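Asker: Each number in my numbering comes from the position in the sequence shown (counting from 1) with 2 added on.
Built from N, CA and C at the ideal position, the CB exists for glycine as well.
These figures come from a predicted structure and were not determined experimentally.
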Amino acid sequence: MKTLTSALLAMLIAGASTFAFAHGDDAHAKKAVAVKKEQKEWGIAGDAKAVQRTITVGMSDDMRFTPGDLAVKQGETIRFVIKNTGKVMHEMVIGTKKENDEHAALMIKFPGMEHDAPYMAHVAPGKTAEIIWTFNKPGNFDFACLIAGHYQAGMIGKIKVTAR
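(1) Using beta-carbon positions only, say whether Y153 and A107 come within less than 7 Å of one another.
(2) Secondary structure at D49, three-state DSSP: helix, strand or coil?
(3) Give me the Cβ distance between E93 and A123, rounded to the nearest whole Å; I'm assuming they're in contact under 8 Å.
(4) Do the CB positions of P127 and V163 come within less than 7 Å of each other?
(5) What does a CB cutoff of less than 7 Å around V90 pick up in its chain, not counting 5 residues either side in sequence?
(6) DSSP puts R73 in a beta bridge; with which residues?
(7) Using beta-carbon positions only, say whether A215 and P113 come within less than 7 Å of one another.
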């Protein structure tokens with residue numbers, strides 16, 4: 003316990019702004035202390051007070067998202083409410099096809115890989131999670147479940163962000 007406390011204290015002192023968790027049910031139930039705002043090709047973490055629209059996305063064990071195609075306007079801050087109606091862990095990770103392809107390949111090699119970011123939500127069976135994201139760049143992006151085997155089974159959705 004002393005080692006864990008020391009490690010957490012060291013992270014806080016170093017100014018860590020997010021915690022990384024493995025893909026276990028218990029680990030994903032924990033919340034990050036703060037959201038790291040890092041510009042990505044597909045946008046940046048959004049603020050709850052700036053949310054303009056809420057989109058509910060369902061995930062199920064048939065390896066599909068509902069809806070599977072989303073339309074967003076550049077500059078919109080979206081609150082995604084992600085519901086796992088299945089019996090196994092699922093996740094929603096927003097990114098480019100290239101980023102998600104690379105991450106999915108790593109997840110096959112390292113299924114216990116630790117990670118957490120504001121553009122991903124890991125959702126235990128029967129639970130709900132949220133992502134708040136600002137789409138400040140136009141383009142075509144993906145959202146996917148990158149848990150080993152899920153992505154390969156087609157658990158991918160599309161987000162079209164239209165320019166202002």
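Answerer: According to the structure data:
(1) What you label residue 153 is simply residue 151 of the sequence shown in a count that begins at 1. What you label residue 107 is simply residue 105 of the sequence shown in a count that begins at 1. No. Outside cutoff.
(2) Walking along the sequence shown from the start, residue 49 turns up at place 47. Reduced to three states, the DSSP call for D49 is coil.
(3) Stepping through the sequence shown from its first residue, residue 93 is reached at position 91. Stepping through the sequence shown from its first residue, residue 123 is reached at position 121. Confirmed, about 6 Å.
(4) Sequence index remark: in the sequence shown, residue 127 carries index 125 (1-based). Sequence index remark: in the sequence shown, residue 163 carries index 161 (1-based). Contact flag unset, no.
(5) Position 88 of the sequence shown, counted from the start, is the residue given in the question as residue 90. Contacts found: D63 and P127.
(6) Taking the sequence shown and counting its residues from 1, one reaches residue 73 at position 71. A quick correction: the sequence has Ala, not Arg, at residue 73. Partner(s): K162.
(7) A query on residue 215 cannot be resolved here, the shown segment of the chain reaching from 3 to 166 and no further.
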